[in-house]
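Data block below; observations after.
4 protein chains.
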Amino acid sequence: MTLNVGVIGTGAIGQDHIKRLAHKLTGAAVVAVNDINRDSAQATAATIGGDVAVHGSGQALIDDPKVDAVVVTSWGPSHEEFVLASIAAGKPVFCEKPLATTAAAALRIVEAEIASGRHLVQVGFMRRYDRGYRMLKETLKAGTIGEALMVHCAHRNPSVPDFYKGDMAITDSFVHEIDVLRWLIDDDYVSTQVIIPRRTRRSRPDLDDPHIILLETRSGIRIDVEVFVNCAYGYDIQCEVVGEDGIARLPEPMSIQLRKEERLGNAILNDWKLRFIEAYDVELQEWIDTTKRGEVHGPSAWDGYFTAVTSDACVEAKRSGKLVPISVRDRPSFYAR
Amino acid sequence: MTLNVGVIGTGAIGQDHIKRLAHKLTGAAVVAVNDINRDSAQATAATIGGDVAVHGSGQALIDDPKVDAVVVTSWGPSHEEFVLASIAAGKPVFCEKPLATTAAAALRIVEAEIASGRHLVQVGFMRRYDRGYRMLKETLKAGTIGEALMVHCAHRNPSVPDFYKGDMAITDSFVHEIDVLRWLIDDDYVSTQVIIPRRTRRSRPDLDDPHIILLETRSGIRIDVEVFVNCAYGYDIQCEVVGEDGIARLPEPMSIQLRKEERLGNAILNDWKLRFIEAYDVELQEWIDTTKRGEVHGPSAWDGYFTAVTSDACVEAKRSGKLVPISVRDRPSFYAR
Amino acid sequence: MTLNVGVIGTGAIGQDHIKRLAHKLTGAAVVAVNDINRDSAQATAATIGGDVAVHGSGQALIDDPKVDAVVVTSWGPSHEEFVLASIAAGKPVFCEKPLATTAAAALRIVEAEIASGRHLVQVGFMRRYDRGYRMLKETLKAGTIGEALMVHCAHRNPSVPDFYKGDMAITDSFVHEIDVLRWLIDDDYVSTQVIIPRRTRRSRPDLDDPHIILLETRSGIRIDVEVFVNCAYGYDIQCEVVGEDGIARLPEPMSIQLRKEERLGNAILNDWKLRFIEAYDVELQEWIDTTKRGEVHGPSAWDGYFTAVTSDACVEAKRSGKLVPISVRDRPSFYAR
Amino acid sequence: MTLNVGVIGTGAIGQDHIKRLAHKLTGAAVVAVNDINRDSAQATAATIGGDVAVHGSGQALIDDPKVDAVVVTSWGPSHEEFVLASIAAGKPVFCEKPLATTAAAALRIVEAEIASGRHLVQVGFMRRYDRGYRMLKETLKAGTIGEALMVHCAHRNPSVPDFYKGDMAITDSFVHEIDVLRWLIDDDYVSTQVIIPRRTRRSRPDLDDPHIILLETRSGIRIDVEVFVNCAYGYDIQCEVVGEDGIARLPEPMSIQLRKEERLGNAILNDWKLRFIEAYDVELQEWIDTTKRGEVHGPSAWDGYFTAVTSDACVEAKRSGKLVPISVRDRPSFYAR
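One line per chain: the protein sequences are A, B, C and D, in this order. At position 202 of the first sequence (counting the first as 1) the number is 202 in the UniProt record's numbering, and the numbers step up by one without a gap. At position 132 of the second sequence (counting the first as 1) the number is 132 in the UniProt record's numbering, and the numbers step up by one without a gap. At position 65 of the third sequence (counting the first as 1) the number is 65 in the UniProt record's numbering, and the numbers step up by one without a gap. At position 96 of the fourth sequence (counting the first as 1) the number is 96 in the UniProt record's numbering, and the numbers step up by one without a gap.
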């Protein structure tokens, strides 16, 4: 059985996902596309091969009876509409992050999914599918280092484009840690605090950089994450879990060890896309496979909502300089762990 | 277009390849199987799903008009027969290593393929598809370390089963280095010498262990490979290329760094199957893709022949304790680099 | 010229220093000892060889005209008295940490030294003499990573004895980071905050463990230090400085890389004494050499005072859970950088 | 008691040793110097301070009753004469490597020392005093990796000066491995073979580079050493011992780990002097200490002789391309292990 997928949004990430679904992964076909820019949709459809419908609206695509499942890769503000419409149509939907641009909107999706009685929504947090993070989670689950007490992380980009400013270090970069760390340690956050160190000379007036973001979990685990988006030296994701019996660290990406020019070492990636390129493949393959079985194993609407609330709290903590509680609804039994 | 594959030999490696072709990779289907043990073939066919023919002989499978391409995973002594039959039938054939059990037999395959006028044969040396070796080859090709001068390698198994004896350290283990190093440095061997160090107490009287095998290439590169199949501590494949401008080393398999019990370090694999499990996937996926295009990019019949000649020379060098030349036919233009 | 040293306090650390001064280092002799336990002093004197006076009081030792310089290794509450007496006698004095048990007492020493008009006091913070920290400081001074923005540290002991409780994680362990980090980044602290993560099951009710201690410096550098004194796995000191252009990390102690029992790695020390054993030698040798030239290059009375104020602020921050400012006197010109 | 040392040869290494003896180490004084260039001797004497005799000949220095022990750092061809004269005078002598320029001359020294009935001669192979090699030897002695079976080594220099040519890769560079590996594995060599790989473009016509030198020991351990003196990238000494139960590797020199400019790694030394600078200190300090006790614990005249014989055999093996036996006298009981 092939999962026939309709993709809303044929920008960069949309095209990447279409290539995966159509050519690289197994068990799915892209049968319909839509984009606010119809030319983009047409052009993309032409690259897929086969009989691909180009719809005039996301709703029309969702309503297309040939479409078994929907992938939403349109721009963020449209996510809520298309995810809700997919739920209304009873169709599984994979929505790129963010699930919605506000916590309130994410909560509306949560409520709609619960009301539908079926698990339909998955959010595109790909780090959970990274081999390194998975190895780390397995190490924790195996009890190798005992109970987790602290997590030390870093999220570093060599530089960011001009449009990256304001709170984007939180809403665009740190949001990945919000999701993946919660999954990694299987715990929820209760408060946050944001520290702003001395600014790197490489940043601009409209962008604080770096940040240190602290999170406390329900069980008392303390997380500190350095977010440094003009670190100059490379794209570097670090994560170290300190447990009662030992410490486990996310592996460095595989690379050739070189002895050259009086240095012994390995290359650091520069491009974030390369760092998680495989995670995207695994993510969508597992989405195809679980969707066919009528299941959602990936980041859920609840996770999308929790992340949105946490992100909002971090932004507030940054502005106030104070400890800010992270208050979410009680976890619905629908999303029981 | 789906490549319809027939698989001869449904033992362990056959079943692994069938699972890959049928369920994991894209663009292929397993439509026919055969095994000397018909029950095994039947049982395997049942696991595939769909309409799978169970043939009474390898020849019958090869002759099946539904079969586009053949995978030979039967026991070694039968390889020659099935590869030659596939060539005769004009069908692409992927043959697990060894291509044949003697250099003379491998040469008959080479001659048959040349006579057929088409590139049909690929040999299952999977290391060329390992991500680490590919990174290493890219490093060499990029000129990062200049011209290669020496290669230092190790091939270590924690232990070997009782049936592993005699010259198997060469014919079964080192044979992988014979193929992959030739590919890595894009050069041919001209002589070999085998050194037998002090035997580990963990070996048996019928098995010298470890060995150090030396190879010289046409351009003068010197290769030394420690083959140590009762090394006790793990399955460990090392490869270091010393160039004029620096040294490049095969990456360690990705693993979690642990600080625990007064040690800082990483796990070493114990099972060779895990070390190259991805390489098998890549190998067969690329074989599917290139076969559909009528091409052979992987290890060719010529490579299989060259490996057989080298392996024979190493066995002779081990017995004589002397330097033994590696003499092959002139490379046919059919197999031009 | 030999520096004739009198040692007050012949306990464990006193005996270690006496061995160094008498047998291992150059340019000094131990000519007098004193201890509250006269038997200990006598026994220690006998191990030194030569003519060693055993004095009935620290004051008597300080007054001994044969004594050129004083080493204070008695218990902490007596440090102020003997350091002040040494200053009064115009004799250089090396005082093991802490300089005094309160910031007020440390300030009295500062004032006495200033009043004496001569630099006489050095405090025994040995980490500044550790090869790794020195390499790290040289890296920073060379501008290799640009301006420092953040420092991430860990101070981990495998376990602590029963008498270690209350605030000792700050006053006894973290105090080393207080001194060495200030020296490392050549900056002063302005505030601190202490976070108490989930407690390890290995700790006791009378000891919070681990802690995360945050410091802010005058220039805005943010420091976070995990202090985890029941980490179980070993004695492990980590320090990573994040600069505008790169990141520099304290080296691991030198050790043999082993491949054994399915692990690739290195030993982690268990005993803190081994970690800094060479630093003690370097510390005292440099003290001998600079003292002979009438100079003090090591941690000064001012540093001892600054550390005491910082330590007090951290204890307060731990109790209050709040950000606590670190307020010191203006730096006297006597201690100009 | 101070060991009063006379130093014959005030060139570079002589001056280094004089600085160590006079200023850095404990328990020795330099009381006499001699050099074929009297001006050099005079100038050096002036740097030492105190009453230093400048002798007109090495023999005169040896005969000086103030001289307790002799250090020979003159040029190689003069070593035999001064060592024999020291033995004749019954004075301990530390001779920089080589002990003598021929195996026959080294044997004359061995015989003279035996005839004298006293252990007087130590040869300046400093690697035995390197912390890393000592850690490696302790690991072997502790049985951590079981019995040694193979040793893989590399001796790499970034480049060599113009006067370095002919067999110097063996006689000047590899000679260090000859001594230190024999000590490391506590075994003797029985044969050698030398392989000459493709020459680096960085070498000159009068210098083969690199070499691979193979040694076999009495117990069957096989050693391979890559000697590559124009490796370009740095001064790099590698040593890995493969045992029955695991593998132990010489530590890399301590250095700061950097993340910078898309690379993660550590500096490699460029200057061989820095690599073993501490080993020289330890070597001479231990020589002072053991000499005062009338003992020789360092490389003996027998070791110097064994090294000379091995070096000669390697040169012959290089020229012949054949396996060459290493034949030494039976080990005299005087030099029993």
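All C-beta atoms, glycine included, are put in the ideal place defined by N, C-alpha and C.
Query	Result
Min CB distance MET135(B) to chain D below 9 Å	no
Beta-carbon separation (whole angstroms), GLY50(D) vs ALA28(D), contact threshold 8 Å	Not really, about 12 Å apart at Cβ, beyond 8 Å.
Cβ-based neighbour list, TYR335(D), same chain, cut-off 7 Å, excluding 5 preceding and 5 following	SER300 and TRP302
Beta-carbon proximity of GLY9(D) to SER86(D), cut-off 9 Å	no
Boundaries (first-last residue) of the beta strand (DSSP E) holding ALA267(B)	263 to 267
Cβ distance (whole Å) where LEU136(D) is taken to contact LEU274(D) below 8 Å	LEU136(D) to LEU274(D), Cβ: 20 Å. No contact.
Cross-chain neighbours of VAL242(A) in chain C, by beta carbon under 9 Å	ALA154, ARG156, PRO197, PRO210, GLU226, PHE228 and CYS231
Under 9 Å between C-beta atoms of ARG218(D) and LEU149(D)	no
Element boundaries [beta strand (DSSP E), containing ASP224(B)]	222 to 228
Per-residue burial, ARG127(A) [other beta carbons within 10 Å of its own, 16 or more giving buried]	buried
Closest Cα partner of VAL151(D) within the set ALA142(D), ARG182(D) and GLN122(D)	ARG182(D)
Selection of the region 256 to 269 of chain C by Cβ proximity to chain B, strictly under 9 Å	GLN257, LEU258, ARG259, LYS260, GLU261, GLU262, ARG263, LEU264, GLY265, ASN266, ALA267, ILE268 and LEU269
Beta-carbon contacts of GLU244(C) that lie in its chain and below 6 Å, excluding the five residues immediately before and after	GLY146 and GLU147
Proximal chain D residues relative to GLY234(A), where beta-carbon distance stays under 9 Å	ARG259, LYS260, GLU261, GLU262, ARG263 and LEU264
Closer than 9 Å to chain D by CB, GLU147(B)	yes
Expected contact under 8 Å - CB spacing of THR171(A) and VAL315(A) to nearest Å	7 Å
ILE247(D) burial status per 10 Å Cβ neighbour count (16 or more: buried)	buried
Residue-chain proximity (ASP245(D), chain G), Cβ-Cβ < 9 Å	The structure shown contains no chain G; its protein chains are A, B, C and D.
Cutoff 9 Å: GLU252(D) Cβ touching any chain A Cβ	yes
Alpha-carbon spacing of ASN266(B) relative to PRO65(B), whole angstroms	51 Å
is_contact[LEU120(A), chain C] using C-beta, thresh 9 Å	no
Contacts of ILE144(A) in chain B (Cβ-Cβ under 9 Å)	Residue identity differs from the one stated: residue 144(A) is Thr in this sequence, not Ile. Ordered by position in chain B, the residues that pass the 9 Å Cβ test against THR144(A) are ILE256, LEU258 and LYS260.
Where LEU181(D) falls: helix, strand or coil (DSSP)	helix
Stretch-stretch touch, CB-based, cutoff 8 Å, three pairs: the region 5 to 25 of chain D with the region 40 to 49 of chain D	yes
Presumed contact (8 Å Cβ cut-off) between ASP312(D) and ALA103(D), rounded CB distance	6 Å
Continuous alpha helix (DSSP H) stretch holding PHE82(A): start and end	79 to 89
Endpoints, the beta strand (DSSP E) within which LYS260(D) is located	257 to 260
Residue closest to GLY14(D), alpha-carbon to alpha-carbon, out of ALA32(D), LYS322(D), LYS260(D) and ALA60(D)	ALA32(D)
Contacts of THR291(C) in chain D (Cβ-Cβ under 7 Å)	Near THR291(C) there are no residues of chain D at all, since even the closest Cβ is about 17 Å away, more than 7 Å.
Distance between beta carbons of VAL93(C) and PHE174(C), contact taken as under 8 Å	About 25 Å; that fails the 8 Å criterion.
Contiguous alpha helix (DSSP H) assignments of at least 4 residues, all confined to the region 18 to 81 of chain A	38 to 48 and 58 to 63
Unbroken beta strand (DSSP E) run spanning MET126(B), endpoints	It is not in any beta strand (DSSP E) - MET126(B) carries neither H nor E in the DSSP assignment.
Test item: CB-CB of LEU323(D) and THR144(D) under 9 Å	no
Any non-hydrogen atom of the ligand MG closer than 8 Å to ASP39(B) Cβ	This structure lacks the ligand MG, and indeed carries no ligand of any kind.
Beta-carbon proximity list for SER116(B), same chain, < 6 Å, skipping 5 on both sides	ILE87
GLY6(C) beta carbon less than 9 Å from that of VAL71(C)	yes
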